[in-house]
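Asker: If you count by the numbering used here, then the sequence shown holds residues 481 to 669, one letter each, in order. Note that beta-carbon positions come from the ideal geometry of N, C-alpha and C, so glycine has one too. Here the structure is a predicted model, which means the values were calculated and not measured. I have a structure I would like to understand better, so I am pasting it below and will then ask my questions one at a time.
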Amino acid sequence: MKIVENYRPKRIDFTVELETNCAVPVDLGAFKKPEDAQKFINDNFVAVPKKIETNRFMDDYEKEIVRSRYVNELENELPVYKQKLKAALLELEKVKEIEKKASETVKACMNKIEMLSKEVKQGIAEINLDQAFTWEIAYSGNYYYFTYMDCRLQLAKVAQVPDHQLSDIFNATEKNKIFFNSIKKASNT
């Protein structure tokens with residue numbers, strides 16, 4: 481399988497819904513241009529641009545790439561290390577040091593295979609979001625990070641506001657609270 485440099489899935493889905501019990505919508509709508517998303521944020525929130533790292537789901541292509549890496553380890557690397565281990569055990573009295581190195585290599589290879597396997601099963605990858613298109617919105621004791629991606633303004637991450645910052649952001653949260661309450665009222669009608 482050919483690995484595509486700087487690959488990016490056609491659709492990015494963040495894991496924020498799995499990680500938190502969210503008090504805000506995970507999607508604030510579709511916007512044709514980043515400028516439209518910026519205007520929407522400015523009109524409705526007190527928000528600051530933030531560069532953050534968050535988690536997203538892997539697509540099938542990415543899972544296949546990781547899977548091919550651990551299959552390569554399993555089929556090509558592990559047998560070689562197992563063979564070295566067998567040879568070292570036969571000459572255990574003469575070559576104690578060789579046996580030790582081969583055992584460590586097999587263990588490292590197995591750990592790597594296990595780690596790669598868990599990564600595929602979890603199906604989550606980190607993504608760095610561009611500060612120019614990602615905003616931090618304080619609301620209800622949390623920071624909600626929305627990003628403009630794929631012509632959508634989406635909730636990408638939720639983080640609790642540190643205690644030492646709570647008093648500093650009180651005024652900003654009032655405008656944000658008004659907007660989110662209006663969304664809740666509109667969805668209830």
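Could you tell me the alpha carbon to alpha carbon distance between Met629 and Glu544, rounded to whole angstroms?
Answerer: The straight-line gap from Cα to Cα measures roughly 24 angstroms.
Asker: Distance, Cα to Cα, Glu579 vs Lys592?
Answerer: Cα-Cα distance, rounded: 20 angstroms.
Asker: Starting from the C-beta of Gln640, find all residues in its chain whose C-beta is less than 7 angstroms away, skip the five residues before and the five after it, and write them out in chain order.
Answerer: Closer than 7 angstroms at the Cβ level, and outside the excluded window around Gln640, lie Gly621, Asn622.
Asker: I'd like to check one pair, Leu646 with Ile532: are the Cβ atoms closer than 9 angstroms?
Answerer: No, they are not a contact pair.
Asker: Identify the residues that DSSP records as bridge partners of Thr627: which are they?
Answerer: DSSP output for Thr627 lists Thr614, Gln634 as bridge partner(s).
Asker: Output the boundary residues of the beta strand (DSSP E) element that contains Ile607.
Answerer: 604-608 is the extent of the beta strand (DSSP E) around Ile607.
Asker: With DSSP as the reference, please indicate the residues paired to Thr534 in a beta bridge.
Answerer: In the DSSP output, where bridge partners are listed per residue, Thr534 has Ile607.
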